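Participant: Protein chains in written order, with this note's numbering: chain A, 64 to 178; chain B, 5 to 120. Even for Gly, the Cβ is constructed at its ideal location relative to N, Cα and C. Please read all numbers here as calculations on a predicted model, not as lab measurements. My questions will all concern the structure given below.
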Amino acid sequence: AQSVAQPEDQVNVAEGNPLTVKCTYSVSGNPYLFWYVQYPNRGLQFLLKYITGDNLVKGSYGFEAEFNKSQTSFHLKKPSALVSDSALYFCAVRVPSGNTGKLIFGQGTTLQVKP
Amino acid sequence: GAVVSQHPSWVICKSGTSVKIECRSLDFQATTMFWYRQFPKQSLMLMATSNEGSKATYEQGVEKDKFLINHASLTLSTLTVTSAHPEDSSFYICSAREGFPNQPQHFGDGTRLSIL
Numbered sequence: 064a065q066s067v068a069q070p071e072d073q074v075n076v077a078e079g080n081p082l083t084v085k086c087t088y089s090v091s092g093n094p095y096l097f098w099y100v101q102y103p104n105r106g107l108q109f110l111l112k113y114i115t116g117d118n119l120v121k122g123s124y125g126f127e128a129e130f131n132k133s134q135t136s137f138h139l140k141k142p143s144a145l146v147s148d149s150a151l152y153f154c155a156v157r158v159p160s161g162n163t164g165k166l167i168f169g170q171g172t173t174l175q176v177k178p
Numbered sequence: 005g006a007v008v009s010q011h012p013s014w015v016i017c018k019s020g021t022s023v024k025i026e027c028r029s030l031d032f033q034a035t036t037m038f039w040y041r042q043f044p045k046q047s048l049m050l051m052a053t054s055n056e057g058s059k060a061t062y063e064q065g066v067e068k069d070k071f072l073i074n075h076a077s078l079t080l081s082t083l084t085v086t087s088a089h090p091e092d093s094s095f096y097i098c099s100a101r102e103g104f105p106n107q108p109q110h111f112g113d114g115t116r117l118s119i120l
């Protein structure tokens, strides 16, 4: 079965420190990979995606993610965390089968950045 | 960037009434729209996928007569919760995507539905 795992329910970092939110996936074929962020009582905001090419992709708000095919991982990173980065983060995978390929979401990781 | 507008943001209504939620893509044509349900501190549960002009495809366990989805144009989809009951109370989020599968889905801000 195809799945996405975010092994940490919560990640705590101090403001100014680097952060990593982990994501691994198990899908067939070459997936498209996405990261989204959700603030309380809001929808999801798109951060970045990996389709093909460079393994390191850069996205919004200083976030980046590294695609590692051998480890089937797509960890989200930021060199210096801000308190305003505190939110719920979702990793998602789409298998490009046809035009309506569904997103498969991880269970989400709450990022808490403390001043 | 791509904007998806979802209305209303909050609905409180009595048990037995029907509630319609609108989802519009403001600056792109949404070939495909998705409706999700989210419980507190949980991930999104896909309810259905709709292509413009076609019947929606519902996920297993989602009652299509309960959750009516219409995707009549490339910029508008609606979800109607018919004869809503307290167990239907939840956070509903719509999402829209242009035609190419390598494009990200863009999400509305969600609708908090509370059935009394």
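Residues in its own chain within less than 7 angstroms of VAL66 of chain B by CB, not counting five upstream and five downstream?
Facilitator: Only MET51, ALA52 meet the Cβ criterion.
Participant: Give the DSSP-derived three-state secondary structure of TYR102 of chain A in the structure shown.
Facilitator: coil
Participant: Return the chain-ordered list of same chain residues with a C-beta closer than 6 angstroms to the C-beta of GLN107 of chain B, the five sequence neighbours on each side being excluded.
Facilitator: ARG101
Participant: Ordered along the chain, which non-local residues of its own chain (more than five positions away) have a Cβ less than 7 angstroms from that of GLU56 of chain B?
Facilitator: Here the set comprises THR35, HIS75, SER77, LEU78.
Participant: Listed in chain order, which residues of the region 107-120 of chain B have Cβ atoms closer than 9 angstroms to some Cβ of chain A?
Facilitator: GLN107, PRO108, GLN109, HIS110, PHE111, GLY112, ASP113, GLY114, ARG116
Participant: Helix or strand or just coil, what does DSSP make of SER29 of chain B?
Facilitator: Residue state, collapsed to three classes: strand.
Participant: Rounded to whole angstroms, what's the CA-CA distance from LEU96 of chain A to ASP69 of chain B? Just pull it up for me.
Facilitator: Approximately 33 angstroms, taken between the alpha carbons.
Participant: Determine the chain A residues that contact ILE97 of chain B at a beta-carbon separation under 8 angstroms, and present them in chain order.
Facilitator: For ILE97 of chain B, the residues of chain A that pass the 8 angstroms Cβ criterion are GLY106, LEU107, in the order they occur in the chain.
Participant: Determine the burial state of HIS89 of chain B: buried for a count of at least 16 other Cβ atoms within 10 Å of its Cβ, exposed for fewer.
Facilitator: exposed
Participant: For GLY79 of chain A, which residues from the same chain have a beta carbon less than 6 angstroms from its beta carbon, with the 5 sequence-adjacent residues on both sides left out?
Facilitator: SER143
Participant: Going along chain B, which residues have a C-beta under 8 angstroms from TYR95 of chain A?
Facilitator: PRO105, ASN106
Participant: When the Cα of PRO94 of chain A is compared with those of A:VAL84, A:GLY106, A:THR115, which residue comes out closest?
Facilitator: A:THR115
Participant: Quick one: grab the DSSP three-state call for GLU129 of chain A.
Facilitator: strand
Participant: Taking CB distances under 7 angstroms as the criterion, tell me whether SER47 of chain B reaches chain A.
Facilitator: The C-beta of SER47 of chain B comes closer than 7 angstroms to at least one C-beta of chain A.
Participant: Could you tell me whether the Cβ atoms of ALA68 of chain A and THR83 of chain A are closer together than 7 angstroms?
Facilitator: no
Participant: DSSP beta-bridge partners for CYS17 of chain B?
Facilitator: B:ILE119
Participant: Whose Cβ in chain B lies nearer than 7 angstroms to the Cβ of GLN170 of chain A?
Facilitator: SER47
Participant: List, in order along the chain, the chain B residues whose C-beta lies closer than 7 angstroms to that of LYS112 of chain A?
Facilitator: What LYS112 of chain A touches in chain B: PRO108.
Participant: Can you tell me whether DSSP reads HIS176 of chain A as helix, strand or coil?
Facilitator: According to the sequence as given, residue 176 of chain A is Val; it is not His. In this structure, VAL176 of chain A counts as strand in the three-state DSSP scheme.
Participant: The beta strand (DSSP E) with VAL74 of chain A in it runs from where to where?
Facilitator: 73-77
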